[in-house]
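Engineer:
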Ligand code: CTP
């Protein structure tokens, strides 16, 4: 079995992370994802991470690409992990080109193309928003069509109770993640569009408010 490992903060999980994880997984049979802890990020000077370690782990899990998720919490851990897990390939985005060549002594090192136009930094500073969709009414389809032409909005995930319908809806509309629960959906987005036709609309609105997620209306697109 060919084992691949990758690492990252994966703050405010976005399409760039999803592409990276998909490509990393395609390099082998088993993908291990190292998610940095809040403490490690602080220690290495990354002080503006938005999501907690737990939220970032859940977001990586929700992509469905990771076979195993571990925590990265100290310098020098990469070599330890590569040896401990018998890793064949270390993969990371091309913004790190050359930086991890020292690992070639232990396994092969692959720099994967970075996705243009999106980063956690952009999401943190509010220049791009991640949208989650709940339900499958006609208004959702209209919203998707309109939102797709707005460069400030990224539809990251959708949740429909019927998992098969949800997967079909996502592949038909090019939505990266078919969330497996409402909680997963909320973890993956900044704003939620809730279909008028949702049976549980009022519950979802309450849950969104409880989690501090704002609701998004069709007017947002005007
Ligand atoms: N990545 C990518 N394309 C992007 C953003 C990130 O391929 N647009 C990759 C990185 O190269 C890395 C992994 O995703 O291999 C995790 O990156 P991370 O630093 O967590 O995400 P960024 O969006 O780059 O975060 P920041 O803006 O805080 O630097």
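Numbering (my numbering), first residue to last: 1 to 222.
Backbone N, C-alpha and C fix where the C-beta goes; we use that ideal spot for every residue, glycine too.
What did DSSP end up calling residue 38 once you bin it into helix, strand or coil?
Structural biologist: Taking the chain shown and counting its residues from 1, the one referred to as residue 38 is at position 38. The answer is helix: DSSP assigns residue 38 an H, G or I state.
Engineer: In whole angstroms, what separates the C-alpha of residue 71 from that of residue 33?
Structural biologist: For the purposes of this step, residue 71 is taken as residue 71 along the chain shown, with counting starting at 1. For the purposes of this step, residue 33 is taken as residue 33 along the chain shown, with counting starting at 1. C-alpha separation (whole angstroms): 8 Å.
Engineer: Buried or exposed for residue 197, going by 16 or more other Cβ atoms inside 10 Å?
Structural biologist: Mapped onto the chain shown, residue 197 falls at position 197. With fewer than 16 Cβ atoms within 10 Å of its Cβ, residue 197 is classed as exposed.
Engineer: As a quick exercise: from 30, 23, 26 and 39, pick the residue whose alpha carbon is nearest that of residue 9.
Structural biologist: Residue mapping note: residue 9 aligns to position 9 of the chain shown, counting from 1. The option with the nearest alpha carbon to residue 9 is 39.
Engineer: Please state whether the Cβ-Cβ distance between residue 156 and residue 130 is less than 8 Å.
Structural biologist: Looking up residue 156 in the chain shown gives position 156. Looking up residue 130 in the chain shown gives position 130. Yes.
Engineer: Within 10 angstroms of its Cβ, does residue 102 collect 16 or more other Cβ (buried), or is it exposed?
Structural biologist: Locating residue 102 in the chain shown gives position 102, where the first residue counts as 1. The residue in question, residue 102, is exposed, as its Cβ has fewer than 16 Cβ neighbours within 10 Å.
Engineer: Have a look at 211, 153 and 206 and flag the residue whose alpha-carbon is nearest the alpha-carbon of residue 187.
Structural biologist: Here the question's residue 187 lines up with position 187 in the chain shown. Of the listed residues, the one whose Cα sits closest to residue 187 is 211.
Engineer: Considering only the alpha carbon of each residue, which of 6, 202, 37 and 36 lies closest to residue 23?
Structural biologist: Mapped onto the chain shown, residue 23 falls at position 23. With distances taken between Cα atoms, residue 23 lies closest to 6.
Engineer: How long is the line joining the alpha carbons of residue 127 and residue 162, rounded to whole angstroms?
Structural biologist: As a first step, residue 127 is located in the chain shown; it is residue number 127 there, counting from the start. As a first step, residue 162 is located in the chain shown; it is residue number 162 there, counting from the start. Going by the C-alpha atoms only, they are around 33 Å apart.
Engineer: Just the Cα atoms here: how many angstroms apart are residue 133 and residue 209?
Structural biologist: On the chain shown, position 133 is the one that residue 133 refers to. On the chain shown, position 209 is the one that residue 209 refers to. Between residue 133 and residue 209, the C-alpha separation is close to 15 Å.
Engineer: Take residue 214 and list the residues in its own chain whose beta-carbon comes closer than 7 Å to its own, dropping the five residues that flank it on each side.
Structural biologist: To locate residue 214, count along the chain shown from 1; it is residue 214. Within the same chain, residue 214 has close Cβ partners 191.
Engineer: Let me know the secondary structure DSSP gives residue 79 once reduced to three states.
Structural biologist: Residue numbering aside, residue 79 sits at position 79 when the chain shown is read from its first letter. Reduced to three states, the DSSP call for residue 79 is helix.
Engineer: Tell me whether the stretch 137-144 and the stretch 103-119 touch, counting them as touching only if at least three CB pairs, one residue from each stretch, are closer than 8 Å.
Structural biologist: No, because fewer than three Cβ pairs between the stretch 137-144 and the stretch 103-119 fall closer than 8 Å, the two stretches do not touch.
Engineer: Thinking C-alpha only, which one of 43, 2, 180 and 216 is nearest residue 75?
Structural biologist: In the chain shown, residue 75 corresponds to position 75, counting from 1. Residue nearest to residue 75 within the set 43, 2, 180 and 216 is 43 (criterion: CA-CA distance).
Engineer: Here's the rule I'm using: 16 or more other beta-carbon atoms within 10 Å means buried, otherwise exposed. How should residue 247 be labelled?
Structural biologist: The first residue shown for the chain is 1 and the last is 222, placing residue 247 beyond what the model contains.
Engineer: Taking residue 193 as the reference, which of 99, 167, 159 and 174 has the closest Cα?
Structural biologist: Within the chain shown, residue 193 is the residue found at index 193, counting from 1. The shortest Cα separation from residue 193 among 99, 167, 159 and 174 belongs to 159.
Engineer: Three-state secondary structure (DSSP) at residue 21?
Structural biologist: One-based indexing of the chain shown puts residue 21 at position 21. Helix.
Engineer: Mapping DSSP to helix, strand and coil, what is residue 146?
Structural biologist: As a position in the chain shown, residue 146 is number 146, starting the count at 1. The answer is helix: DSSP assigns residue 146 an H, G or I state.
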